[in-house]
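Taken in sequence, the protein lines are chains A and B. Position one of the first sequence corresponds to residue 1 (my numbering), numbered consecutively onward. Position one of the second sequence corresponds to residue 1 (my numbering), numbered consecutively onward.
2 protein chains.
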Amino acid sequence: MPGKRASEAERREQILRGAFEVAARDGIGSLTIRAVAAEAQVSHALVLFHFQRKERLVHALLDWLIESTSVLHVSEDVARFPRALDRLHALLQQEMERLSHQPRHTRLFFDYWALGARHEEIRVRMSAELQRYRAAFRAIMEELLLAEPAAFAGVTAEALAAVAVSWIHGCAVQAMIDPAQFDTDEYLAAMRGIVGQLA
Amino acid sequence: MPGKRASEAERREQILRGAFEVAARDGIGSLTIRAVAAEAQVSHALVLFHFQRKERLVHALLDWLIESTSVLHVSEDVARFPRALDRLHALLQQEMERLSHQPRHTRLFFDYWALGARHEEIRVRMSAELQRYRAAFRAIMEELLLAEPAAFAGVTAEALAAVAVSWIHGCAVQAMIDPAQFDTDEYLAAMRGIVGQLA
DNA sequence: TCCTATATTGTACGAATGGTCAACAAGCAT
DNA sequence: ATGCTTGTTGACCATTCGTACAATATAGGA
Numbered sequence: 001m002p003g004k005r006a007s008e009a010e011r012r013e014q015i016l017r018g019a020f021e022v023a024a025r026d027g028i029g030s031l032t033i034r035a036v037a038a039e040a041q042v043s044h045a046l047v048l049f050h051f052q053r054k055e056r057l058v059h060a061l062l063d064w065l066i067e068s069t070s071v072l073h074v075s076e077d078v079a080r081f082p083r084a085l086d087r088l089h090a091l092l093q094q095e096m097e098r099l100s101h102q103p104r105h106t107r108l109f110f111d112y113w114a115l116g117a118r119h120e121e122i123r124v125r126m127s128a129e130l131q132r133y134r135a136a137f138r139a140i141m142e143e144l145l146l147a148e149p150a151a152f153a154g155v156t157a158e159a160l161a162a163v164a165v166s167w168i169h170g171c172a173v174q175a176m177i178d179p180a181q182f183d184t185d186e187y188l189a190a191m192r193g194i195v196g197q198l199a
Numbered sequence: 001m002p003g004k005r006a007s008e009a010e011r012r013e014q015i016l017r018g019a020f021e022v023a024a025r026d027g028i029g030s031l032t033i034r035a036v037a038a039e040a041q042v043s044h045a046l047v048l049f050h051f052q053r054k055e056r057l058v059h060a061l062l063d064w065l066i067e068s069t070s071v072l073h074v075s076e077d078v079a080r081f082p083r084a085l086d087r088l089h090a091l092l093q094q095e096m097e098r099l100s101h102q103p104r105h106t107r108l109f110f111d112y113w114a115l116g117a118r119h120e121e122i123r124v125r126m127s128a129e130l131q132r133y134r135a136a137f138r139a140i141m142e143e144l145l146l147a148e149p150a151a152f153a154g155v156t157a158e159a160l161a162a163v164a165v166s167w168i169h170g171c172a173v174q175a176m177i178d179p180a181q182f183d184t185d186e187y188l189a190a191m192r193g194i195v196g197q198l199a
């Protein structure tokens, strides 16, 4: 006895939200066609009707996660600082706050991170996202290198951007694994101190 | 028709090696009692005889991984540098090389990392390991703060150590996810440049 | 040598999972 | 109304997994 109908786009979104709830709560390892169906309040056969195979659902959830997560973008608050060092500092702070305010998204990203180590389709998606992430920092780092060409001989803006990405992700990981010992404010102060030394 | 006997310690080690092979190859999500038994060439019932439940096997594998991974220690090559900045640089380089030379251990650590986000028993083990890791850097960072008390006002050695840990782990992650775009040598050069600026 | 403790195995069972399929209902064109 | 496309469902299947258990072989002590 089938239930009410809905457009394909609406159903896919409904199911993906259910998939996110399940994966964010119990991890991708516990993501099951039936668990997603129960969360979305549809039959498990309908999930397969819209996504064919579980693998495609997992991939679609990653795309949904990347899109729905407020991606890194240099906001107006950041861009209005005239000095590159101030923009770098503001961008680091903005991203740290974003990650700590979206703990479910962040944890789920870590799941896909580990998954990407062994599944190429996921790895290429994560790789593309990493490159977009680094690109936002690279512009600032290029200005820094122009200001201090001698001190940073042999250092590329791309590598400095990668270091900045490590700051953000490393903070998220340590805050997640070690919340009692890890102090986010102290960490931000340390980054500020290092950034200040770069001038 | 039972096979040959072995001491409990030998069998546990044999099974744990099998568990490592399976988990390192296919991920913890694919670690099953039967797969481990096949890898260790014993019956799957014997695995349960020695580890009672799968959960205990997973925990024992984490302990085995932490012990068998050459843990961070300030080697003599690092310790003989008189200047703290040189020791920091040498320690960063040593750890980066260690991670890149043990890719299987590193990837498996990431699995436990993600797992630790949702399972407390695993999280406390990872947390203890993170604290040991930071402690090795904190000693160096304390010297740095003594040398430059004015420039690093309000910055703690613990937080600087956390930043150093982020450098290492962030490098490992980006090298794993994005091997084509990520240049380890450039990354090391960037860290060297930043460390040089701290003087 | 016999006996007991224990290491080891094959079998089995219940639960969960991914996936298929026939049946059926809801909307839409004719 | 009638038929057609398609969204939706419950039932079903083969597989795998974790775990329990009875049977058996081995080693070592009495």
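Heads up, the beta-carbon is just placed ideally off N, CA and C, and yes, glycines get one too. Everything numeric in this text was worked out from a predicted model, so none of it was measured.
Roughly how many angstroms lie between the CA atoms of R87/B and V36/A, to the nearest whole one? 51 Å
Using only the heavy atoms of the ligand MN, determine whether one of them is closer than 7 Å to the beta carbon of L188/B. With respect to the ligand MN, the structure shown offers nothing to examine, as it has no ligands at all.
Assign Q41/A to buried or exposed, taking buried as 16 or more other Cβ atoms, counted over all protein chains shown, within 10 Å of its Cβ. exposed
L188/B: which of G196/A, G154/A, R83/A, Q52/A sits nearest, CA to CA? G154/A
For the alpha helix (DSSP H) that contains A136/A, what are its first and last residues? 120–147
Min CB distance R107/A to chain B below 8 Å: yes
Measuring alpha carbon to alpha carbon, tell me which of G193/A, R5/A, A19/A, I194/A ends up nearest H105/A. A19/A
Mind pulling the chain B residues with CB within less than 8 Å of S100/A? What S100/A touches in chain B: nothing, since even the nearest Cβ is about 14 Å away.
Extent of the continuous alpha helix (DSSP H) to which L91/B belongs: 84–101
Name the residues in the segment 120–139 of chain A whose C-beta lies less than 7 Å from a C-beta of chain B; which are they? R123, M126, S127, L130, Q131
Helix, strand or coil at D183/B according to DSSP, with G and I counted as helix: coil
Based on Cα-Cα distance, which residue from A24/A, S30/A, V22/A, H50/A lies nearest to R12/A? H50/A
Kindly give me the distance between the Cβ atoms of L61/B and A23/B, rounded to whole angstroms, as I take these residues to be in contact under 8 Å. With a contact defined as Cβ atoms closer than 8 Å, L61/B and A23/B qualify at about 6 Å.
How would you label R134/B, buried or exposed, when you count the other beta carbons within 10 angstroms and need 16 or more for buried? buried
Hey, A164/A and F137/A: beta-carbon distance below 8 Å or not? Contact: yes.
The alpha helix (DSSP H) enclosing D63/B, as first and last residue numbers: Its alpha helix (DSSP H) spans residues 54–68.
Does A189/B come within less than 8 Å of chain A when only Cβ atoms are used? yes
Coil, strand or helix - F81/B by DSSP: coil
When the distance is taken between beta carbons, is L145/B closer than 8 Å to A128/B? no
What is the DSSP secondary structure of Q14/B, reduced to helix, strand or coil? helix
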